[in-house]
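S.K.: A single structure is presented below for examination.
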Amino acid sequence: MEPHAAAEHLQVIRTLMERSALYRRTLAPIMLYVGSVGTLAGAGGLAFSLESLRAFGAWWLAAAVVALVGAFLIARRQALQAGEPFWSPPTLRVTQAMVPPLAAGFMLSLVTVLTAAPGELRWLFVIPDALLYGCAVHAAGFFMPRGMKLFAWLIIGTTGITLLIVASVEPTPGARLDHAFMGALFGLAHLAYGAYLYSTEPRQGPA
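Here is the structure:
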């Protein structure tokens with residue numbers, strides 16, 4: 029590795045460590061926002077009885093886009109309030125870590141929706157997306173507070189356990205169970221983690 033590149037990597041690592049508190053404050057509103065979108069999407073899927081794979085996948089892909097755009101805007105606002113450039117080297121590192129699994133999940137979901145397989149195969153959409161999303165969160169956790177990696181393992185573990193239970197009890201779960209699982213994982217779990225981050229955030233005392 030060239031000395032200039034090595035120095036740049038060390039500077040990025042140092043910056044990430046120094047900004048861990050800032051990233052933690054940014055995570056709280058992002059998690060609360062994503063959790064709200066996921067919860068509403070789960071409730072909406074149940075209310076509108078979206079059962080076909082095409083309708084199910086399109087609904088949740090739209091929810092993912094809304095959540096991603098909102099998270100981007102929140103992170104950008106936080107950076108502007110802190111007087112820092114949004115596309116800083118640490119931000120690029122986090123983005124580069126998350127993009128591959130998220131892109132893989134998006135492409136797999138898109139192909140699954142476009143092929144419009146039978147409705148009973150909705151879990152071909154649900155399980156890979158949940159697992160790849162957990163991998164993306166875990167990758168970002170290397171640059172953020174330790175809780176992110178634990179949260180990622182919660183997502184992966186919950187998905188795996190749910191798959192085992194469903195495979196042994198109900199091999200062809202109905203759409204209501206699919207929407208409930210997505211709403212709980214991408215909605216309620218994120219709301220709980222966001223509330224935890226917000227409630228445990230260190231408060232500055234009076235000057």
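Numbers 29 to 235, taken from my numbering, label the letters of the sequence shown in order.
Note that beta-carbon positions come from the ideal geometry of N, C-alpha and C, so glycine has one too.
All of these numbers come straight from a predicted model, not from anything done at the bench.
1) Can you give me the C-alpha to C-alpha distance between Ala132 and Cys163, rounded to a whole angstrom?
2) Restricting to Cα atoms, I'd like to know which of Ala158, His166 and Ser196 is closest to Gly211.
3) Taking 8 Å as the threshold, find out whether the stretch 52–61 comes into contact with the stretch 211–225 through three or more Cβ pairs.
4) Taking buried to mean at least 16 other C-beta atoms within 10 Å of its own C-beta, is Arg105 buried or exposed?
5) Please state whether the Cβ-Cβ distance between His207 and Leu74 is less than 8 Å.
6) Which one of Gly85, Tyr161 and Leu192 has the shortest CA to CA distance from Leu138?
7) For Gly98, which residues from the same chain have a beta carbon less than 6 Å from its beta carbon, with the 5 sequence-adjacent residues on both sides left out?
8) Buried or exposed: which applies to Val197, given that a residue is buried once 16 or more other Cβ atoms fall within 10 Å of its Cβ?
9) Is Tyr161 near Ile183, with beta carbons less than 8 Å apart?
10) Thr54 to Ser80, Cα distance in whole Å?
11) Hey, Val165 and Arg82: beta-carbon distance below 8 Å or not?
12) Closest by CA to Val127, which one among Glu229, Ala167, Met176 and Thr67?
13) Between Ala103, Ala110 and Phe171, which has its C-alpha nearest Gln124's C-alpha?
14) Tell whether a beta-carbon distance below 8 Å holds between Ala69 and Ala91.
15) Please check the pair Thr67 and Leu216, which I expect to be a contact at CB under 8 Å, by giving their CB distance rounded to whole angstroms.
M.R.: Looking at the coordinates:
1) Your numbering for residue 132 matches position 104 in the sequence shown. Your numbering for residue 163 matches position 135 in the sequence shown. The alpha-carbon atoms of Ala132 and Cys163 are separated by roughly 11 Å.
2) Taking the sequence shown and counting its residues from 1, the one referred to as residue 211 is at position 183. If we check each option's Cα against that of Gly211, Ala158 comes out closest.
3) yes
4) The residue you call residue 105 lines up with position 77 of the sequence shown. The residue is exposed, with fewer than 16 neighbouring Cβ atoms inside 10 Å.
5) Position 179 of the sequence shown holds residue 207. Position 46 of the sequence shown holds residue 74. Yes. Within cutoff.
6) Indexing the sequence shown from 1 puts residue 138 at position 110. The shortest C-alpha separation from Leu138 is found at Gly85.
7) Taking the sequence shown and counting its residues from 1, one reaches residue 98 at position 70. Cβ neighbours of Gly98 beyond the five flanking positions: Tyr61.
8) Here residue 197 corresponds to residue number 169 of the sequence shown, with the count starting at 1. Looking at its Cβ environment, which holds fewer than 16 other Cβ atoms inside 10 Å, Val197 is exposed.
9) As a first step, residue 161 must be located in the sequence shown, where it is residue number 133. As a first step, residue 183 must be located in the sequence shown, where it is residue number 155. Result yes, Cβ atoms of Tyr161 and Ile183 sit closer than 8 Å.
10) What you label residue 54 is simply residue 26 of the sequence shown in a count that begins at 1. What you label residue 80 is simply residue 52 of the sequence shown in a count that begins at 1. So the alpha carbons of these two residues sit roughly 36 Å apart.
11) In the sequence shown, counting from the first residue as 1, residue 165 sits at position 137. In the sequence shown, counting from the first residue as 1, residue 82 sits at position 54. For Val165 and Arg82, no; Cβs fall outside 8 Å.
12) As a first step, residue 127 must be located in the sequence shown, where it is residue number 99. Here the closest residue by C-alpha is Ala167.
13) Reading the sequence shown from its first residue, position 96 is the one you call residue 124. For Gln124, the nearest C-alpha among the options comes from Phe171.
14) As a first step, residue 69 is located in the sequence shown; it is residue number 41 there, counting from the start. As a first step, residue 91 is located in the sequence shown; it is residue number 63 there, counting from the start. Cβ distance < 8 Å, so Ala69 and Ala91 count as in contact.
15) Position 39 of the sequence shown holds residue 67. Position 188 of the sequence shown holds residue 216. With a contact defined as Cβ atoms closer than 8 Å, Thr67 and Leu216 qualify at about 6 Å.
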